[in-house]
Structures are given as structure tokens and as C-alpha cells.
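Position one of the sequence shown corresponds to residue 149 (my numbering), numbered consecutively onward. Beneath this line is the structure, given in C-alpha cells, with notes to follow.
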Amino acid sequence: MLSAGIVGLPNVGKSTLFNAVTRTHNAPAENYPFCTIDPNVGVVTVPDPRLERLGQLSHSKKIVPTAIQFVDIAGLVKGASSGEGLGNQFLSHIREVDAIVQVVRCFADPDVHHVSATIDPIRDIEVINTELVLADLASLQKRSDRLQKEVRTGEKSAKIENAVAEKLLPHLDSGKPAIIAPLEPEEKIVARNFFLLTSKPTLFACNVAETDLAAVAKNNQTNAAAKYVDLVQDYAQHHFGTEAFVISARIESELADLSEEEALEYLRGLGVEDSGVHALIRGVYHLLG
Numbered sequence: 149m150l151s152a153g154i155v156g157l158p159n160v161g162k163s164t165l166f167n168a169v170t171r172t173h174n175a176p177a178e179n180y181p182f183c184t185i186d187p188n189v190g191v192v193t194v195p196d197p198r199l200e201r202l203g204q205l206s207h208s209k210k211i212v213p214t215a216i217q218f219v220d221i222a223g224l225v226k227g228a229s230s231g232e233g234l235g236n237q238f239l240s241h242i243r244e245v246d247a248i249v250q251v252v253r254c255f256a257d258p259d260v261h262h263v264s265a266t267i268d269p270i271r272d273i274e275v276i277n278t279e280l281v282l283a284d285l286a287s288l289q290k291r292s293d294r295l296q297k298e299v300r301t302g303e304k305s306a307k308i309e310n311a312v313a314e315k316l317l318p319h320l321d322s323g324k325p326a327i328i329a330p331l332e333p334e335e336k337i338v339a340r341n342f343f344l345l346t347s348k349p350t351l352f353a354c355n356v357a358e359t360d361l362a363a364v365a366k367n368n369q370t371n372a373a374a375k376y377v378d379l380v381q382d383y384a385q386h387h388f389g390t391e392a393f394v395i396s397a398r399i400e401s402e403l404a405d406l407s408e409e410e411a412l413e414y415l416r417g418l419g420v421e422d423s424g425v426h427a428l429i430r431g432v433y434h435l436l437g
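This is the structure in C-alpha cells:
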């Protein structure tokens, strides 16, 4: 089963989002860094209204929806690539997933501590990206050193791999993720052997407060959260070639205990039809191909 790792800085809403997408309360969501140490794992079915309709048309008694495994990974901090915080654990867990959902805090709440004390979603994204790139640089440089020795012995496959590594190293050194490196299709196949963190398909989840959800949906630029979301969506497109989804993890976590009708009524009371989690799950599904 394909998997997606939920990552981000501490206290951005990762565990709350995990509880929301899995419709459980399995992951502790506390107001302090590293309340998640060992990753929480849950299986989520991809929302697809077409399946129910197809089942009705085919009179099938059993419809098997597509499922994705979500993994709630410990929060990353600056210096994780050097072992700060739970850095080594974070990096080892993220290597095991097929895609990354990076949760970005787009809400202000004096009761929820931010590790950098202020709300700045682009800064937060760049902290995560920098640590992943640095980890990739370190591992790829070691790989390149070994490959160069093998090249000198006449190893043909080493020569091919080393050529790709030498193309990737300056790209990573410039701070860019491997996934947008200008590689030819055959070079991308070779690069899979490097298992780089930044080569994993990534999307972003802009976590907004429930009071901001309607304003964000209407793109009300007088609302701070709406401005944050615009910044993240633009950054995601230009720096990763990917999407950024708007979610309110706290709302969706609360909705987990309600019936479908009660949940819809609750959302309409907030002026929206959806908190964004279903769209996010579908986005992850398409990301995984």
C-alpha cells in the first residue's frame, strides 16, 4: 500500500490532521513540541462518490475503495539534519514513505506555541526544505565518493550513477529539492537509487483556524490567513511544481465524531461546505499516481 508522511514543524497541526484524515483520536495532539515521537499510522479510503454510483449501477454487493496509508511523523526543527530535536528519527521515518504532506501553520493562536514565536509559513517551509536538502546532500556526497572509487575500477553502472549524482549535487547545494532537478527521464530512473528525501512527491496543507475558513474560501485578502494561503500556494507552484490545499484540521478532527448530516450542518454554520480534508486526501491519491 502506498503511504504519505505528514510532516512539518512542531505545533503546526500534524497530529490533529492525522486524526482528521483517519477519523480517529489515535495521535496525541498536545500544545508542546515532540508530543509525537513514534509515528502513528492509519489507513484512509479515498473519497470517490463515483464508486457508490457504480455500485448501484452494477448491483455489486461489495465496492472496494482505494486506500492510502498516512503516517504522522514527529515534528522537525532547524538543525534536524545534524541530529537536533528528533532529527535522525524524523529523517529515517520520512525515508520510508512514498510521498510527503507538509503541514504549514496559517493560523495565529497565542495559546498554541510556535517554535519560532511568529507566524511565517514561507519561513517554516524553508526550514523543512533546508533540512531535507542538507540530509540529501550529505547522503549523496557519500554515495558519490564511493561511486568515484568504483568508476576508477571500470564499473560501468557506477559511471552512469556518478554522472547523475554530479548533476544533482550542485542542484541540491543551491537549496533546491531533487524533485525539480533538470534531469532527463532516464536520469530520473537512475536517481531513484539514491533514495533522496526531496525526490519524494510533495504537497502542502495550509492549516487555518475555523474562524478563518470561510474568509479563505472567499479569498478575502483582508484576512491574514487568506494572505498566508496565497503565499503558500504560490510558493508550492513555483518552487515544487505542486499544490497547496486549505484545511482546518481542528474542525475536521471535531467532525470525526459526528454523523455526515451533523457534520454538514456544522460546516454550513461556519459558512463553508467542506473543511478541505477530502480534497487533500484526493490530492495525495493523485500525487501518488
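We put the CB at the ideal spot given by N, CA and C, even for glycine.
Inter-residue spacing [alpha-carbon to alpha-carbon] between residue i and residue j
i    : j    : result
Q217 : G431 : 14 Å
V169 : D259 : 24 Å
D265 : G437 : Note that residue 265 is Ala in the sequence shown here, rather than Asp. In a straight line, the C-alpha of A265 is about 37 Å away from that of G437.
K315 : R300 : 19 Å
S116 : P349 : It is not possible to answer for residue 116, since the shown part of the chain is limited to 149 through 437.
L406 : T172 : 12 Å
A326 : E335 : 12 Å
N310 : S292 : 6 Å
A411 : T193 : 18 Å
L90  : A392 : Nothing can be reported for residue 90, as the shown portion of the chain is limited to 149 through 437.
E409 : R416 : 11 Å
D268 : Q369 : 16 Å
D246 : H261 : 30 Å
E298 : E274 : 35 Å
G278 : G323 : The question names Gly, yet the displayed sequence has Thr at residue 278. Roughly 7 Å separates the two Cα atoms.
L165 : Q250 : 11 Å
Q385 : A427 : 17 Å
L239 : N371 : 35 Å
R294 : L435 : 33 Å
N367 : Q289 : 44 Å
I276 : H387 : 13 Å
M149 : S287 : 26 Å
Whole-number beta carbon distance between residue j and residue i, since they are thought to touch under 8 Å
i    : j    : result
H241 : V219 : 7 Å
H319 : A329 : 5 Å
I248 : G190 : Their Cβ separation, rounded to whole angstroms, is 16 Å, which puts I248 and G190 out of contact at 8 Å.
A283 : L345 : 6 Å
V312 : V281 : The pair is not a contact, with the Cβ atoms about 17 Å apart (cut-off 8 Å).
Q223 : K162 : It should be pointed out that residue 223 corresponds to Gly in this sequence rather than to Gln. Confirmed, Cβ separation roughly 7 Å.
P195 : I429 : 6 Å
S401 : N167 : 5 Å
F342 : R243 : With a Cβ gap of about 11 Å, F342 and R243 do not count as contacting.
D321 : L285 : 6 Å
Residues of its chain near residue i, where Cβ-Cβ distance is below 8 Å and the 5 sequence neighbours each way are ignored
i    : result
I270 : L379, V380 and Y383
D272 : G156, L157, V160, V252, R253 and S264
G419 : L361, A362 and A365
T184 : Only weak support is given to the placement of T184: the predicted model assigns it a pLDDT of 46, under 50, and the question is left unresolved by the model.
E421 : L412 and L415
E332 : none
Own chain residues within Cβ distance below 7 Å of residue i, not counting five before or after
i    : result
V394 : C354, V356, V364, V377 and G424
F255 : N355, V356, A357, D360 and A373
K375 : Q369
Y144 : Residue 144 is absent from the model: the chain starts at 149 and stops at 437.
G389 : I328
I308 : V338
S347 : A326, I327 and A339
Q296 : N310
Residues near residue i by beta carbon distance below 6 Å, same chain, minus five either side
i    : result
S396 : V356, E358, L361 and S423
L403 : A411
E303 : none
For residue i: DSSP bridge partner residues
i    : result
I216 : V192
Q250 : V155 and F352
V394 : C354
### Segments of 3+ residues assigned as beta strand (DSSP E) that fall wholly inside the region 332-371
The region 332-371 contains these whole beta strand (DSSP E) runs: 350-355.
### Task
Any chance you could list the beta strand (DSSP E) runs of at least 3 consecutive residues sitting entirely within the region 375-434, in chain order?
Within the region 375-434, complete beta strand (DSSP E) segments of at least 3 residues are found at 392-395, given in chain order.
### Query
Fully enclosed by the region 254-330, which alpha helix (DSSP H) runs are 4 residues long or longer?
With a minimum length of 4 residues, the continuous alpha helix (DSSP H) runs that stay inside the region 254-330 are 269-300 and 304-321.
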